[in-house]
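The sequence shown begins at 0 in numbering that gives the first Met the number 0 and counts up by one.
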Amino acid sequence: MLAQRAAQQSLRRLTAQTITETTEHDKILAQQRLNRPVAPHLGIYAPQIPWYLSALNRITGCTLSGAFYVFGSLYLVAPYIGLHMESASVAAAFGAWPWLAKVATKMFFALPFTFHSFNGLRHLAWDTTHMITNQKVITSGWTVVGLSVVSAFALTFI
Numbered sequence: 000m001l002a003q004r005a006a007q008q009s010l011r012r013l014t015a016q017t018i019t020e021t022t023e024h025d026k027i028l029a030q031q032r033l034n035r036p037v038a039p040h041l042g043i044y045a046p047q048i049p050w051y052l053s054a055l056n057r058i059t060g061c062t063l064s065g066a067f068y069v070f071g072s073l074y075l076v077a078p079y080i081g082l083h084m085e086s087a088s089v090a091a092a093f094g095a096w097p098w099l100a101k102v103a104t105k106m107f108f109a110l111p112f113t114f115h116s117f118n119g120l121r122h123l124a125w126d127t128t129h130m131i132t133n134q135k136v137i138t139s140g141w142t143v144v145g146l147s148v149v150s151a152f153a154l155t156f157i
């Protein structure tokens, strides 16, 4: 029992000594960190097309999937709450809208859909290690933007 108590006491002393040494080391490290240069923040970099397209790809994906989930849920619940969500009813209601409202609604859904589709193809091309250089990333980004706008206009006015 005496040997066990002596071992515990020596372990406690060793632990206490290690803790004080650690805090001294931490103080030295903290002082050294004050003298180090600060890493640049994203705010100092010029915005680039891959940043915007990456964020827009995520936003359009979440928006489109959310809209499909809401519409699908509404379609399933519609008979129980007295709404008519049949294709003929929805088409007749949409047909009664003013021309500008139709165009705005079609563009609202067509632009994110086409952008997300073309940007997804661009990302699939990257998975095959094509178009990974900086210049090709920028060029393909602007190509995606152009194709998205043109195809969204085509889908809107069809």
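Glycine included, each C-beta is placed from N, C-alpha and C at the ideal position.
Between Leu63 and Ala109, the beta carbon gap of about 11 angstroms keeps them out of contact (Cβ cut-off 8 angstroms). A buried status is given to Asn118, since no fewer than 16 other beta-carbon atoms sit within 10 Å of its beta-carbon.
If you ignore the 5 residues before and after Ser150, its C-beta comes within less than 6 angstroms of the C-beta of Thr113, all in its own chain and listed in chain order. A straight line joining the alpha-carbon of Asn133 with that of Gln47 spans about 11 angstroms.
Counting of Cβ neighbours within 10 angstroms places Asn56 among the buried residues, the total reaching 16 or more. Between the alpha carbons of Gly65 and Arg32 lies a distance of about 45 angstroms.
Judged by their CB atoms, Val143 and Arg121 are nearer to each other than the 8 angstroms cut-off. Judged by DSSP secondary structure, Gly145 falls within the alpha helix (DSSP H) whose first and last residues are Asn133 to Thr155.
Counting only the Cα atoms, Ile131 lies some 6 angstroms from Trp125. Within its own chain, the residues whose Cβ lies closer than 7 angstroms to the Cβ of His115, once the five positions on either side in sequence are excluded, are Asn56, Thr59, Gly60 and Leu63, listed in chain order.
Distance from the CA atom of Leu73 to the CA atom of Val148, rounded to whole angstroms, is 30 angstroms. In this structure, Met84 sits near Ala77, with a CB-CB distance shorter than 8 angstroms.
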